[in-house]
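Here the numbering used here is used: the first residue of the sequence shown is 1, the next is one more, and so on.
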Amino acid sequence: EFIPKANLVDPHKVRLWLKVNDQTKQDGSTEDMMFKIPQLIEHVSSIMKLEAGDLILTGTPKGVGPVVPGETITVGLESEGSELSKLSFPVIERSGNFVYSSP
């Protein structure tokens, strides 16, 4: 779901959160990013052409951890206390070569 710029009072004050089975695992803000959004867009644009639908992934707030099939992940974005977006989906097992390992 696309979030129009008009819905963002300040893109540098967007709350990002993630829950696993209704337990908060991540809760951060774009305010905590090392580089501001215009800087990121400028840098990426200097390397490649950005097109409609492109995403720039910037990392993640603390709280990364494993999940197991059967759990439910819910993620959301909020600005000025208003919900901008919320997604919920089940964790499913897929075949592949990826293995999660913690430090």
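Beta carbons are placed, not taken as given, at the ideal position from N, Cα and C, and that holds for glycine.
Use the C-beta contact count for residue i: other C-beta atoms within 10 angstroms, 16 or more gives buried, fewer gives exposed.
| i | result |
| --- | --- |
| valine 64 | exposed |
| leucine 87 | exposed |
| leucine 55 | exposed |
| leucine 57 | exposed |
| leucine 18 | buried |
So, are the CB atoms of residue i and residue j less than 8 Å apart?
| i | j | result |
| --- | --- | --- |
| valine 44 | threonine 30 | no |
| valine 67 | valine 20 | yes |
| serine 112 | isoleucine 3 | The structure shown does not extend to residue 112, since the chain spans only 1 to 103, so no value can be given for it. |
| lysine 36 | histidine 12 | yes |
What are the partner residues of residue i, as DSSP defines its beta bridges?
| i | result |
| --- | --- |
| glutamate 42 | According to DSSP, which records beta bridges pairwise, glutamate 42 is partnered with nothing at all. |
| valine 64 | DSSP output for valine 64 lists no bridge partner at all. |
| leucine 87 | Val75 |
| glycine 28 | Leu16 |
| serine 82 | Ser79 |
Sort the options by Cα distance to residue i and report the nearest one.
| i | options | result |
| --- | --- | --- |
| leucine 77 | Gly28, Ile92, Asn97, Ser101 | Gly28 |
| methionine 34 | Ser101, Gly59, Ile73 | Gly59 |
| glutamate 71 | Asp10, Gln23, Ile3, Leu84 | Gln23 |
| proline 61 | Leu16, Tyr100, Ile92 | Leu16 |
| arginine 94 | Pro69, Leu50, Gln26 | Pro69 |
| lysine 25 | Glu83, Asn97, Ile73, Pro90 | Ile73 |
| lysine 10 | Ile92, Gly96, Glu80, Val91 | The identity of residue 10 in the sequence shown is aspartate, whereas the question assumes lysine. Selected option, being the one with the closest Cα: Glu80. |
Along the chain, where does the beta strand (DSSP E) containing residue i start, and where does it finish?
| i | result |
| --- | --- |
| arginine 15 | 14–20 |
| leucine 55 | Note, leucine 55: premise wrong, no beta strand (DSSP E); not H, not E. |
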